[in-house]
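Undergrad: The following block contains the structure, expressed as structure tokens.
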Amino acid sequence: MKEYQNVRWKGYLRQDGRKGIRNKLLVVYTVECSSHVAKEIARRIDSSDVDVVGFDGCCDNEYAVRLLLALIRHPNVGGVLAVGLGCEYVQPKHLAEKALEAGKPAQWFFVQEHGGTEPSIEYGMQQARLLLEELRQTPVVPMGFSDLVVGAECGGSDYTSGLAGNVVVGRFYDKLVDLNGTAVFEEIVEAVGLKDLLVQRAADDCAREQLAYTYDKALEYCKSVRQYSVSPGNFAGGLSSIEEKSMGAVIKSGSRPISGVIKVSQQPPKNGLWLLDSTPDPYWMGFGYTNPNDNEGLMDLISCGCQLVFLVTGRGNIVGSAVAPVYKITGNSGTFHRMSGDMDFNAGPVLSGEVTLEQLCQNLCDEVIRVCSGKPTNAEKLGHKEYFIPYKYQEKEVVVKRECE
Amino acid sequence: MTEQAVFQIDQADNVATALQALVPGAAAAHGDPSQPSVAVTEEIPAGHKLALRDIAPGENIVKYGVVIGCATKEIKTGQWVHLHNMKSLYDARSSSMDVVTGAPTDTHYE
Chain A
1 MKEYQNVRWK GYLRQDGRKG IRNKLLVVYT VECSSHVAKE IARRIDSSDV
51 DVVGFDGCCD NEYAVRLLLA LIRHPNVGGV LAVGLGCEYV QPKHLAEKAL
101 EAGKPAQWFF VQEHGGTEPS IEYGMQQARL LLEELRQTPV VPMGFSDLVV
151 GAECGGSDYT SGLAGNVVVG RFYDKLVDLN GTAVFEEIVE AVGLKDLLVQ
201 RAADDCAREQ LAYTYDKALE YCKSVRQYSV SPGNFAGGLS SIEEKSMGAV
251 IKSGSRPISG VIKVSQQPPK NGLWLLDSTP DPYWMGFGYT NPNDNEGLMD
301 LISCGCQLVF LVTGRGNIVG SAVAPVYKIT GNSGTFHRMS GDMDFNAGPV
351 LSGEVTLEQL CQNLCDEVIR VCSGKPTNAE KLGHKEYFIP YKYQEKEVVV
401 KRECE
Chain B
1001 MTEQAVFQID QADNVATALQ ALVPGAAAAH GDPSQPSVAV TEEIPAGHKL
1051 ALRDIAPGEN IVKYGVVIGC ATKEIKTGQW VHLHNMKSLY DARSSSMDVV
1101 TGAPTDTHYE
């Protein structure tokens, strides 16, 4: 433990004091209609330091704009190029201005004002190259575990996720919190049946209220749509109830006190362990969907400032993400060997007793240091940079917060 | 053949998880087991649960040291524990799913 306290790697310092483990140029499109131009700019520049995200919708959605801004302000992002069509709600100029306010070089343009597709791609590439030049000036500073925010998500789960993959993440989270770092877990709809257990772990009264409120909201959602977050594949794989799946998911939060609940795009107010509530809030359009896919969950975690995200996958999901490296952990040794080009870490040996959980956790800590120091994850090597930003309605922060403060 | 095994997470658990497809006979218990081995009495698929002791109808099913549902029938030590003999305390629909495929049986799709 002590040796990890003094470990330092090189981080990229941002104006707000946060540090990134990557230094990316983020190309952002503001509507589906400008997505081709944005993607072409990134494809032709062909640099691992250029990522693309965007919002498809032409109608206004405050949640989506907030999420784009959170990604623009993300510590792994050093510069921004916003690409708009010219008639949509989301304003590329606004995005670029907010990036500049955050101390990041930024440019924006409308495709309609730059001669259409091909001239816009040419113009965008010029701007992108200039921005990449500017990124080289980013101050590099020592960074350690206390500067790190890690998120974890599980997807493509099988029975090993709750026995090994999520268990080793939970052990790592305990270590990260003890090192004064920050850990974020989500999937409150996969905590059904565990209200008492979550509430008991609250760090204080405010956290207790937030956890109870968030749990009740998720349960109300599940009841009202008569659908719990458990699928035929889960049952076929041996899970018999949502409670069982929930416990296998919540175990990745480890055992430390929960500091409170944050919403999508909200930074944890202080270091420690936080629950991210990514579920929609009740609204006139109804709840909407929750958990549309794993990339949405990863993006939500990243929007809270996670520089690194774990994806725990027993069956073997292959995705990565824009903005932050995705590190894939499986508890299934068969999956690890069958998909060795995709999986980063095998937690399976703990099931047969070949290694102890503590040893496995140390190996994971060492791997985290390597990835933070620049070693690409398999998803990065393969060019996986998926993202998913849906229409959603969500409050900026947990509503009960105002009452309990 | 490698020795077949189950994984018990918490000493308080009355079920353990099959680490491979189990056949009747002895299985070693890994994890934090309350006993070194258990007698399997029927075929159980990998990843599914086995009863570590006799469980009465209505009694809680405990895994991870927490309640994950309750028994709907009498379950004997060494038997398979799944949708056919246990149910969620929350999700009324799940115990109607097909016990092998997990597919819904309550909705007639076109």
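Quick mapping for you: the protein sequence lines, in order, are chains A and B. The numbering of the first sequence is the working numbering, which starts it at 1 and goes up by one. The numbering of the second sequence is the working numbering, which starts it at 1001 and goes up by one. Glycine residues also receive a C-beta, built at the ideal position from the N, C-alpha and C atoms.
Please report the distance separating the alpha-carbon of R129(A) from that of E122(A).
TA: Translated into the one-based positions of the first sequence, residue 129(A) becomes position 129. Translated into the one-based positions of the first sequence, residue 122(A) becomes position 122. R129(A) and E122(A): Cα-Cα distance of roughly 11 Å.
Undergrad: Short of 8 Å Cβ to Cβ, which residues in the stretch 339–365 of chain A face chain B?
TA: The stretch 339–365 of chain A vs chain B, Cβ under 8 Å: L351, S352, G353.
Undergrad: Give the interface partners of H1048(B) over in chain A, defined as CB-CB distance under 7 Å, in chain order.
TA: Along the second sequence, read from residue 1 onward, the residue named residue 1048(B) stands at position 48. Those within 7 Å of H1048(B) in chain A are G238.
Undergrad: I believe G341(A) touches V141(A) by the beta-carbon criterion, under 8 Å. Please report the beta-carbon distance rounded to the nearest angstrom.
TA: Counting from 1 along the first sequence, the entry for residue 341(A) is found at position 341. Counting from 1 along the first sequence, the entry for residue 141(A) is found at position 141. At roughly 33 Å, the Cβ-Cβ gap does not stay under 8 Å, so G341(A) and V141(A) are not in contact.
Undergrad: Rounded to the nearest angstrom, what separates N295(A) and A324(A) at their Cα positions?
TA: Within the first sequence, residue 295(A) is the residue found at index 295, counting from 1. Within the first sequence, residue 324(A) is the residue found at index 324, counting from 1. In a straight line, the C-alpha of N295(A) is about 12 Å away from that of A324(A).
Undergrad: Relative to the C-alpha of Y213(A), which candidate in I21(A), K263(A), T330(A) has its C-alpha closest?
TA: For the purposes of this step, residue 213(A) is identified with residue 213 of the first sequence, where counting begins at 1. Taking only the C-alpha atoms, the option nearest Y213(A) is K263(A).
Undergrad: Can you tell me whether DSSP reads Q91(A) as helix, strand or coil?
TA: Position 91 of the first sequence, counted from the start, is the residue given in the question as residue 91(A). Looking at Q91(A) - three-state DSSP - the assignment turns out to be coil, as it is neither helix nor strand.
Undergrad: What residue ranges within the stretch 140–167 of chain A form continuous alpha helix (DSSP H) runs of no fewer than 4 residues, ordered along the chain?
TA: Runs of the alpha helix (DSSP H) inside the stretch 140–167 of chain A: none found.
Undergrad: Is there a C-beta anywhere in chain A that falls below 7 Å from the one on T1017(B)?
TA: Residue numbering aside, residue 1017(B) sits at position 17 when the second sequence is read from its first letter. Closer than 7 Å: yes.
Undergrad: Taking 7 Å as the CB-CB cut-off, is E1003(B) touching chain A?
TA: Numbered from its first residue, the second sequence carries residue 1003(B) at position 3. Taking Cβ atoms only, chain A never reaches closer than 7 Å to E1003(B), which makes this a no.
Undergrad: At which residue ranges does the stretch 337–397 of chain A contain complete alpha helix (DSSP H) runs of 4 or more residues, listed in the order of the chain?
TA: DSSP runs (the alpha helix (DSSP H)) wholly in the stretch 337–397 of chain A: 357–372, 378–381.
Undergrad: Kindly indicate if chain B contains any beta-carbon less than 7 Å away from that of Y228(A).
TA: Counted from its first residue, the first sequence places residue 228(A) at position 228. Chain B, which has a Cβ nearer than 7 Å to the Cβ of Y228(A), makes this yes.
Undergrad: In this structure, does DSSP put N327(A) in helix, strand or coil?
TA: Walking along the first sequence from the start, residue 327(A) turns up at place 327. Looking at the sequence itself, residue 327(A) is Tyr, so the reference to Asn does not match. Strand at Y327(A).
Undergrad: Considering only the alpha carbon of each residue, which of W274(A), V230(A), T30(A), K104(A) lies closest to D1091(B)?
TA: Residue numbering aside, residue 1091(B) sits at position 91 when the second sequence is read from its first letter. Closest option to D1091(B), Cα to Cα, is V230(A).
Undergrad: Please state whether the Cβ-Cβ distance between V1015(B) and A1051(B) is less than 7 Å.
TA: Locating residue 1015(B) in the second sequence gives position 15, counting from the first residue. Locating residue 1051(B) in the second sequence gives position 51, counting from the first residue. Result yes, Cβ atoms of V1015(B) and A1051(B) sit closer than 7 Å.
Undergrad: So, is S48(A) buried or exposed, given that buried needs 16 or more other C-beta atoms within 10 angstroms?
TA: Residue mapping note: residue 48(A) aligns to position 48 of the first sequence, counting from 1. Under this definition S48(A) is an exposed residue.
Undergrad: Answer yes or no: does any C-beta atom of chain A fall closer than 7 Å to that of Y1090(B)?
TA: Position 90 of the second sequence, counting from 1, holds the residue named residue 1090(B). So yes, Y1090(B) belongs to the interface.
Undergrad: In chain order, what residues of the same chain lie with their CB nearer than 6 Å to the CB of E40(A), ignoring the 5 residues before and after it?
TA: Indexing the first sequence from 1 puts residue 40(A) at position 40. Result list for E40(A): I121, in chain order.
Undergrad: Less than 8 Å between the CB atoms is what I'm expecting for D174(A) and G314(A), so what's the real figure, rounded?
TA: Start at 1 with the first residue of the first sequence, and residue 174(A) comes out as number 174. Start at 1 with the first residue of the first sequence, and residue 314(A) comes out as number 314. Actually they are not in contact, since the Cβ atoms of D174(A) and G314(A) sit about 22 Å apart, beyond 8 Å.
Undergrad: Between the alpha carbons of N317(A) and C154(A), how many angstroms are there, rounded?
TA: Taking the first sequence and counting its residues from 1, the one referred to as residue 317(A) is at position 317. Taking the first sequence and counting its residues from 1, the one referred to as residue 154(A) is at position 154. Computed Cα separation, rounded: 9 Å.
Undergrad: Check each candidate in I45(A), V65(A), L26(A) and name the one with the smallest Cα separation from Q394(A).
TA: Along the first sequence, one-based indexing puts residue 394(A) at 394. When only C-alpha atoms are compared, the closest one is V65(A).
Undergrad: Can you confirm whether Y1109(B), when its beta carbon is compared against all beta carbons of chain A, has any partner nearer than 7 Å?
TA: By 1-based counting over the second sequence, the position of residue 1109(B) is 109. Not one chain A Cβ lies under 7 Å of Y1109(B).
Undergrad: Applying the 10 Å Cβ sphere with the 16-neighbour rule, what's the burial state of M1001(B)?
TA: Sequence index remark: in the second sequence, residue 1001(B) carries index 1 (1-based). Because the pLDDT at M1001(B) is just 44, under 50, the model does not fix this residue reliably, and the point stays unresolved.
Undergrad: Which chain B residues sit within Cβ distance under 9 Å of N234(A)?
TA: Counting from one through the first sequence, the residue named residue 234(A) turns up at place 234. Residues of chain B passing the Cβ test: G1102.
Undergrad: Any Cβ of chain B within less than 7 Å of the Cβ of E244(A)?
TA: Indexing the first sequence from 1 puts residue 244(A) at position 244. So, interface residue.
Undergrad: Roughly how many angstroms lie between the CA atoms of D216(A) and G170(A), to the nearest whole one?
TA: Counting from one through the first sequence, the residue named residue 216(A) turns up at place 216. Counting from one through the first sequence, the residue named residue 170(A) turns up at place 170. The alpha-carbon atoms of D216(A) and G170(A) are separated by roughly 24 Å.
Undergrad: Within 7 Å (strictly less), CB to CB, does H1084(B) reach chain A?
TA: Translated into the one-based positions of the second sequence, residue 1084(B) becomes position 84. Not an interface residue.
Undergrad: Measuring straight from C-alpha to C-alpha, what distance separates A1005(B) and V350(A)?
TA: Locating residue 1005(B) in the second sequence gives position 5, where the first residue counts as 1. Locating residue 350(A) in the first sequence gives position 350, where the first residue counts as 1. C-alpha separation (whole angstroms): 13 Å.
Undergrad: Below 6 Å CB to CB, which residues in the same chain sit around F310(A) once its five sequence neighbours on both sides are set aside?
TA: As a working mapping, residue 310(A) is identified with position 310 in the first sequence. Excluding positions up to five away in sequence, the list reads A152, V169, Y327, I329.
Undergrad: What are the start and end residues of the beta strand (DSSP E) that includes D16(A)?
TA: Along the first sequence, one-based indexing puts residue 16(A) at 16. Looking at the DSSP string, D16(A) is not in any beta strand (DSSP E), and its letter there is neither H nor E.
Undergrad: Give me, in chain order, the residues of the same chain whose beta-carbon lies closer than 7 Å to that of N293(A); leave out the 5 immediate sequence neighbours on both sides.
TA: Within the first sequence, the letter at position 293 stands for residue 293(A). Closer than 7 Å at the Cβ level, and outside the excluded window around N293(A), lie F388.
Undergrad: Which of helix, strand or coil does DSSP assign to V189(A)?
TA: Numbered from 1 along the first sequence, position 189 holds the residue referred to as residue 189(A). V189(A) falls in the helix class under three-state DSSP.
Undergrad: State the DSSP-derived secondary structure class of D196(A), mapped to helix, strand or coil.
TA: On the first sequence, residue 196(A) is found 196 positions in, with the first residue counted as 1. In the structure shown, D196(A) sits in a helix (DSSP, three-state: H, G or I).
Undergrad: Give the residues from the stretch 180–203 of chain A that approach chain B closer than 8 Å (Cβ to any Cβ), ordered along the chain.
TA: Hits within the stretch, in order: V192, G193, L194, L197.
Undergrad: Rounded to whole angstroms, what is the Cα-Cα separation between P1036(B) and N76(A)?
TA: Residue 1036(B) sits at position 36 when you count from the first residue of the second sequence. Residue 76(A) sits at position 76 when you count from the first residue of the first sequence. Taking the straight line from one Cα to the other gives about 49 Å.
Undergrad: Taking only three categories from DSSP, how would you classify M1001(B)?
TA: For this step, residue 1001(B) is matched to residue 1 along the second sequence. In this prediction, M1001(B) has a pLDDT of 44, which is less than 50 and means its spatial position is unreliable; nothing more can be read from the coordinates.
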